[in-house]
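K.L.:
First the structure, which I've put down as structure tokens, then a few questions once you've had a look.
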Amino acid sequence: MNKRLFEKEREVKSLLQGFSANRLVLCLDSTESTNIIAREFLTKGKAFDLEYKKDAPPLIIAAEQTMGEGRLGRCFESKRDMGLYMTAVYPLTGHEQYLSLLTLLAGLSSVKAAEKTVNSKGQKINLTLKWPNDIYFDGKKLGGIIVKMINYPNIAAIVGIGINLNQSGEDFPSEIADRAVSFKMAGIDISSSELAAEIINTLDKAVYEYKSLTSPAPEILNELNNKSFTLGKRVSFTIDGKELVGTAEEILKNGALAVKTDDGRLYEVISGEAGFAV
Numbered sequence: 076m077n078k079r080l081f082e083k084e085r086e087v088k089s090l091l092q093g094f095s096a097n098r099l100v101l102c103l104d105s106t107e108s109t110n111i112i113a114r115e116f117l118t119k120g121k122a123f124d125l126e127y128k129k130d131a132p133p134l135i136i137a138a139e140q141t142m143g144e145g146r147l148g149r150c151f152e153s154k155r156d157m158g159l160y161m162t163a164v165y166p167l168t169g170h171e172q173y174l175s176l177l178t179l180l181a182g183l184s185s186v187k188a189a190e191k192t193v194n195s196k197g198q199k200i201n202l203t204l205k206w207p208n209d210i211y212f213d214g215k216k217l218g219g220i221i222v223k224m225i226n227y228p229n230i231a232a233i234v235g236i237g238i239n240l241n242q243s244g245e246d247f248p249s250e251i252a253d254r255a256v257s258f259k260m261a262g263i264d265i266s267s268s269e270l271a272a273e274i275i276n277t278l279d280k281a282v283y284e285y286k287s288l289t290s291p292a293p294e295i296l297n298e299l300n301n302k303s304f305t306l307g308k309r310v311s312f313t314i315d316g317k318e319l320v321g322t323a324e325e326i327l328k329n330g331a332l333a334v335k336t337d338d339g340r341l342y343e344v345i346s347g348e349a350g351f352a353v
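See the structure below:
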């Protein structure tokens, strides 16, 4: 466990551009969770004898996770060489007014990067985003995003991204098999190194060049809404302990989901999940 994959590190590093080219790239054969390694960099100032530097924040990739982290305490299935399992660290200044957009930006960047990578091979795929953190293909989950905050001694966001690459239907646990999909099941062979680099190039550009966490451009919001799997669907959500049902109308500038109930009231669902109403 925790054996470094130096050749893969060099491969990924060679594909990074712009700000991303400054990143420290750490690739591991197996680890409990890439998020755990990211937290170690931030709380201890180093990991694997590599020093944490704000101007060269780490990108951690693993071939396997034994304790992959999902949202709301769930486990993310992370079998060896079956998916892309990675975490990127984003140092913060405390002035990121729209930090709540980061999960959606990571999802959008993953979708755009995957579509670009597939298109470059002469194939096509159309991916969407289920608010707030799931990547969908053909109505099934292809991947997910998890964002965690570290406030001391270094202030930063940890962005974990997991995408199914090589699974067949029988590789998924029975409880999610009918709701999960992989690139292989879609008939697409995709390089984990190319995909990882393209995702980080895209997300770093959104965060650092376009400054989407301080002043998100209208184009970003348009893309989030255009790529949404959730909009127009009936969703259930909880406000002040009361479960309500309505139609998802829009993703707002703060990352909230605007939902209109049958009585015409408009609610902003800010956190948690909006489940599809039966």
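Numbers in the numbering used here are just positions in the sequence shown, counted from 1, shifted up by 75.
For glycine and all other residues, C-beta sits at the position ideal for the given N, C-alpha and C.
#1: Indicate whether residue 331 and residue 345 have their beta-carbon atoms separated by less than 8 Å.
#2: Does the distance from the C-beta atom of residue 317 to that of residue 256 stay below 8 Å?
#3: List, from N- to C-terminal side, the beta strand (DSSP E) runs of 3 residues or more that fit wholly inside the segment 249–276.
#4: Are the CB atoms of residue 293 and residue 173 nearer to each other than 8 Å?
#5: List the residues that DSSP assigns as beta-bridge partners of residue 234.
#6: Helix, strand or coil for residue 303? Go by DSSP, reduced to three states.
#7: Ends of the beta strand (DSSP E) at residue 282?
#8: Confirm, please, whether the CB-CB distance from residue 207 to residue 165 is below 8 Å.
#9: Is residue 292 helix, strand or coil when you go by DSSP?
#10: From 276, 191, 236, 185, pick the residue whose C-alpha is nearest to that of residue 108; which is it?
#11: Figure out for me which residue from 248, 113, 105 has the closest Cα to the Cα of residue 99.
#12: Taking the alpha-carbon positions, what's the residue 101 to residue 266 distance?
#13: Taking three-plus beta-carbon pairs below 8 Å as touching, is the segment 187–201 in contact with the segment 122–138?
#14: Return the chain-ordered ranges of every beta strand (DSSP E) run that is complete within the segment 155–209 and spans a minimum of 3 residues.
#15: With the cut-off set at 8 Å, would you say residue 295 and residue 184 are in Cβ contact?
#16: Out of 321, 104, 143, 175, point me to the one whose CA is closest to residue 224's CA.
#17: Is the distance from the Cβ of residue 92 to the Cβ of residue 239 below 8 Å?
#18: Alpha carbon to alpha carbon, how far is residue 353 from residue 155?
#19: Mark residue 340 as exposed unless 16 or more other C-beta atoms lie within 10 angstroms of its C-beta, in which case mark it buried.
#20: Tell me which same chain residues have a C-beta within less than 8 Å of the C-beta of residue 252, skipping the five on either side of it?
#21: Between which two residues does the alpha helix (DSSP H) harbouring residue 113 extend?
#22: What residues match up with residue 125 in a beta bridge as DSSP calls it?
#23: Three-state secondary structure (DSSP) at residue 311?
#24: Quick check: the Cα distance between residue 178 and residue 250, rounded to an integer number of angstroms?
#25: By DSSP, does residue 297 sit in helix, in strand, or in coil?
#26: Among all the DSSP beta bridges, which residues are the ones paired with residue 140?
#27: Considering just the uninterrupted stretch of the beta strand (DSSP E) at residue 240, what are its terminal residues?
P.N.:
Taking the definition as stated:
#1: In the sequence shown, the residue the question calls residue 331 occupies position 256. In the sequence shown, the residue the question calls residue 345 occupies position 270. The answer is yes: Cβ separation under 8 Å.
#2: For the purposes of this step, residue 317 is taken as residue 242 along the sequence shown, with counting starting at 1. For the purposes of this step, residue 256 is taken as residue 181 along the sequence shown, with counting starting at 1. One thing to note: residue 317 has its Cβ no nearer than 8 Å to the Cβ of residue 256.
#3: Taking only runs of at least 3 residues, no beta strand (DSSP E) segment lies wholly in the segment 249–276.
#4: Residue mapping note: residue 293 aligns to position 218 of the sequence shown, counting from 1. Residue mapping note: residue 173 aligns to position 98 of the sequence shown, counting from 1. Not a contact, by the Cβ cut-off of 8 Å.
#5: As a working mapping, residue 234 is identified with position 159 in the sequence shown. The partner list for residue 234 (beta bridge, DSSP) reads 163, 222.
#6: Numbered from 1 along the sequence shown, position 228 holds the residue referred to as residue 303. Reduced to three states, the DSSP call for residue 303 is strand.
#7: As a position in the sequence shown, residue 282 is number 207, starting the count at 1. Taken as a continuous stretch (DSSP letters only), residue 282 belongs to no beta strand (DSSP E), as it is neither H nor E.
#8: Taking the sequence shown and counting its residues from 1, the one referred to as residue 165 is at position 90. Taking the sequence shown and counting its residues from 1, the one referred to as residue 207 is at position 132. In this structure, residue 207 does not lie closer than 8 Å to residue 165 by Cβ.
#9: In the sequence shown, residue 292 corresponds to position 217, counting from 1. If DSSP states are grouped into helix, strand and coil, residue 292 belongs with coil.
#10: If you number the sequence shown from 1, residue 108 lands on position 33. Ranking the options by Cα distance to residue 108, first place goes to 236.
#11: On the sequence shown, residue 99 is found 24 positions in, with the first residue counted as 1. Ranked by how close their Cα comes to the Cα of residue 99, the residues 248, 113, 105 have 113 in first place.
#12: Within the sequence shown, residue 101 is the residue found at index 26, counting from 1. Within the sequence shown, residue 266 is the residue found at index 191, counting from 1. Cα to Cα, residue 101 sits roughly 17 Å from residue 266.
#13: Contact fails: fewer than three Cβ-Cβ distances are below 8 Å.
#14: Unbroken beta strand (DSSP E) stretches of 3 residues or longer found wholly inside the segment 155–209: 158–166, 203–205, given in chain order.
#15: Locating residue 295 in the sequence shown gives position 220, where the first residue counts as 1. Locating residue 184 in the sequence shown gives position 109, where the first residue counts as 1. Going by C-beta atoms, residue 295 is not nearer than 8 Å to residue 184.
#16: Start at 1 with the first residue of the sequence shown, and residue 224 comes out as number 149. Closest in C-alpha terms to residue 224, from the list 321, 104, 143, 175, comes 175.
#17: Taking the first residue of the sequence shown as position 1, residue 92 is located at position 17. Taking the first residue of the sequence shown as position 1, residue 239 is located at position 164. The Cβ atoms of residue 92 and residue 239 lie no closer than 8 Å to each other.
#18: Position 278 of the sequence shown, counted from the start, is the residue given in the question as residue 353. Position 80 of the sequence shown, counted from the start, is the residue given in the question as residue 155. Summary for residue 353: the model assigns pLDDT 45, below 50, so the residue's position carries little reliability, and this model does not support an answer.
#19: Here residue 340 refers to the residue found at position 265 when the sequence shown is read from its first residue. By the C-beta density criterion, residue 340 is exposed, having fewer than 16 other C-beta atoms within 10 angstroms.
#20: Looking up residue 252 in the sequence shown gives position 177. Listed in chain order, the non-local C-beta contacts of residue 252 below 8 Å within the same chain comprise 244, 245, local neighbours out to five positions each way being set aside.
#21: Here residue 113 refers to the residue found at position 38 when the sequence shown is read from its first residue. Counting along the chain, the alpha helix (DSSP H) containing residue 113 begins and ends at 109–119.
#22: One-based indexing of the sequence shown puts residue 125 at position 50. Bridge partners of residue 125: 122.
#23: Mapped onto the sequence shown, residue 311 falls at position 236. Annotated three-state conformation of residue 311 is strand, per DSSP.
#24: Numbered from its first residue, the sequence shown carries residue 178 at position 103. Numbered from its first residue, the sequence shown carries residue 250 at position 175. Going by the C-alpha atoms only, they are around 25 Å apart.
#25: In the sequence shown, residue 297 corresponds to position 222, counting from 1. In this structure, residue 297 counts as helix in the three-state DSSP scheme.
#26: What you label residue 140 is simply residue 65 of the sequence shown in a count that begins at 1. Beta-bridge pairing links residue 140 to 106.
#27: The residue given as residue 240 occupies position 165 in the sequence shown. First-last for residue 240: undefined, no H or E at that position.
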